[in-house]
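Asks:
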Amino acid sequence: MLTRRIMPAIVILFPVGIASLWVVGSMAAIGLKWNVLTVMVTALTLGIGIDYSIHMWRRFEVELQRRKNHWDALRASLSTTGVALLMSALTTSLGFVVLLFSPMPIIQDFGLITAITVIFSLLLSLVLLPVLMELSARSKEEDVIEKEFAPQLDDLA
Numbered sequence: 000m001l002t003r004r005i006m007p008a009i010v011i012l013f014p015v016g017i018a019s020l021w022v023v024g025s026m027a028a029i030g031l032k033w034n035v036l037t038v039m040v041t042a043l044t045l046g047i048g049i050d051y052s053i054h055m056w057r058r059f060e061v062e063l064q065r066r067k068n069h070w071d072a073l074r075a076s077l078s079t080t081g082v083a084l085l086m087s088a089l090t091t092s093l094g095f096v097v098l099l100f101s102p103m104p105i106i107q108d109f110g111l112i113t114a115i116t117v118i119f120s121l122l123l124s125l126v127l128l129p130v131l132m133e134l135s136a137r138s139k140e141e142d143v144i145e146k147e148f149a150p151q152l153d154d155l156a
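Per numbering that gives the first Met the number 0, the very first residue in the sequence shown carries number 0; after that it's consecutive.
#1: For the segment 123-132 and the segment 78-94, state whether three or more C-beta atom pairs, one from each stretch, are separated by less than 8 Å.
#2: Buried or exposed, going by whether 16 or more other CB atoms sit within 10 Å of the CB of arginine 137?
#3: Please classify isoleucine 47: is it buried, with 16 or more other beta-carbons within 10 angstroms of its beta-carbon, or exposed?
#4: Here's a check: name, in chain order, each residue in its chain whose Cβ is nearer than 6 Å to the Cβ of phenylalanine 95, leaving out the five neighbours to either side.
#5: At the level of alpha carbons, what is the spacing between glutamate 60 and methionine 39?
#6: Look at the alpha carbon of leucine 31 and the alpha carbon of proline 14, and state the distance between them as a whole number of angstroms.
#7: How would you write the range of the alpha helix (DSSP H) that arginine 66 sits in, first residue to last?
#8: Please work out which residues of its chain come closer than 8 Å, Cβ to Cβ, to valine 117, disregarding the five sequence neighbours upstream and downstream, and give them in chain order.
#9: On the CB-based measure, 16 or more other CB atoms within 10 Å of its CB, does valine 82 come out buried or exposed?
#10: Helix or strand or just coil, what does DSSP make of serine 92?
#11: Quick one, which of Thr79, Val35, Ala42 has its alpha-carbon nearest tryptophan 56's?
#12: Expressed to the nearest angstrom, what Euclidean distance is found between the alpha-carbon atoms of alanine 8 and alanine 72?
#13: Excluding the five sequence neighbours on either side, which residues of its own chain have a C-beta within less than 7 Å of the C-beta of tyrosine 51, listed in chain order?
#14: Buried or exposed, going by whether 16 or more other CB atoms sit within 10 Å of the CB of serine 101?
As structure tokens, then:
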């Protein structure tokens, strides 16, 4: 688990699960059949998505310690690590798009669905994950406030 806490693990895995569903849905929408190579894409989705999500989460935690403001930390995370992830995803996707020029349809399908996987993982890491990180940080802050003031509120009641 990431830093021995359950919440980051849940937050990180949620966009990855959504990406997996989107990939399977996209395969059905484009009419791609399951084969030996496209089955491997689900494992790739997990690997790529978890990597992107962990990079974003760790940058957010570092920036939150520096800035103490959730929105500033999110902005800094997206402008640094987000840009790096974008460049990484573009080069990775283009590498898999090259497989579309293969004479073998099974390799073409693999290249297409893997490129789509990388894009979905990137989008969810840059759009959904920051929302989840903000909600997680906010709920953590509210828990701290509640723990600090709960005894005093009980005394008032």
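All C-beta atoms, glycine included, are put in the ideal place defined by N, C-alpha and C.
Replies: To lay it out plainly:
#1: Flag = yes, the segment 123-132 and the segment 78-94 touch.
#2: It is exposed - the Cβ of arginine 137 has fewer than 16 other Cβ atoms within 10 Å.
#3: The Cβ neighbour count for isoleucine 47, taken over all protein chains shown within 10 Å, is at least 16; the residue is labelled buried.
#4: Only Gly110, Thr113, Ala114 meet the Cβ criterion.
#5: Rounded to whole angstroms, the separation of the alpha carbons of methionine 39 and glutamate 60 is 32 Å.
#6: Going from the Cα of leucine 31 to the Cα of proline 14 covers about 23 Å.
#7: Element bounds for arginine 66: 35-66.
#8: Only Ile47, Ala88, Thr91, Ser92, Phe95 meet the Cβ criterion.
#9: Under this definition valine 82 is an exposed residue.
#10: In this structure, serine 92 counts as helix in the three-state DSSP scheme.
#11: Among Thr79, Val35, Ala42, the Cα nearest to that of tryptophan 56 belongs to Thr79.
#12: Rounded to whole angstroms, alanine 8 to alanine 72 spans 19 Å at the Cα level.
#13: Counting only Cβ-Cβ distances below 7 Å, and skipping sequence neighbours, we find Leu84, Ser120, Leu121, Ser124.
#14: Around the beta-carbon of serine 101, fewer than 16 other beta-carbon atoms lie within 10 Å, marking it exposed.
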